[in-house]
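Q: Submitted below is the structure of interest, expressed as structure tokens.
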Amino acid sequence: MDQTPTLTHTGWRERVALPDWGLYRVRAKVDTGARTSAIDVAQFEMIDDEHVRFEIVYRDRPVRKTKWIEARCVRTSRVKPSSGETQERIVCITKLQLGSETFDAELSLVCRKGMLCRMLIGRSALGGRFVVDPAQKYMLPADPAPTKHKDHP
76 MDQTPTLTHT GWRERVALPD WGLYRVRAKV DTGARTSAID VAQFEMIDDE
126 HVRFEIVYRD RPVRKTKWIE ARCVRTSRVK PSSGETQERI VCITKLQLGS
176 ETFDAELSLV CRKGMLCRML IGRSALGGRF VVDPAQKYML PADPAPTKHK
226 DHP
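Just so you know, we're using my numbering here: the sequence shown kicks off at 76 and counts up by one.
The structure is reproduced here in structure tokens:
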């Protein structure tokens, strides 16, 4: 009897949601070469030793859209990006929704100015859940943002 879990197929680019942060339909690159997921941050400031406030760039075209978020830092990470220069990054945890799956994911805060996708989804978020088809994109449904009622903000 095969006990192998069924993995969801995903393309190399998908729309994701970060519901705890109120962000929906964020364009993300699925990147198996990156260990930790990352999100585009224009600026950040430490509130105290454990909390950070940062401005997420969740859309850059046609009009730049940002949102300020406060979150708990879970660790810092030393990363060697494609530029070759080691960087230290702040890492936070939040709920990530990819297709029909929602799970906790670590996100490092980094400037992705000039990049097509505002977010990278790394292999630690993908492992045991997804298999990536590099020839496809937008294979998974992107849930729309929750409907706002006129009685509620």
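Ideal Cβ positions, reconstructed from N, Cα and C, are used throughout, including at glycine.
#1: Is the beta carbon of residue 212 closer than 8 Å to that of residue 88?
#2: Have a look at residue 133 and residue 102 and give me their C-alpha separation to the nearest angstrom.
#3: Roughly how many angstroms lie between the CA atoms of residue 177 and residue 184, to the nearest whole one?
#4: Counting along the chain, where does the beta strand (DSSP E) carrying residue 153 start and finish?
#5: Taking the beta carbon of residue 136 as the centre, do at least 16 other beta carbons fall within 10 Å, making it buried, or is it exposed?
#6: Bridge partners for residue 180 per DSSP, in chain order?
#7: Please state whether DSSP places residue 199 in a helix, a strand or coil.
#8: So residue 125 packs on residue 117, CB below 8 Å; how close in whole Å?
#9: Could you tell me whether the Cβ atoms of residue 143 and residue 128 are closer together than 8 Å?
A: So, from the listed chains and residues:
#1: yes
#2: 8 Å
#3: 20 Å
#4: 140-154
#5: exposed
#6: 169
#7: helix
#8: No, residue 125 and residue 117 are not in contact; Cβ-Cβ is about 22 Å, not under 8 Å.
#9: yes
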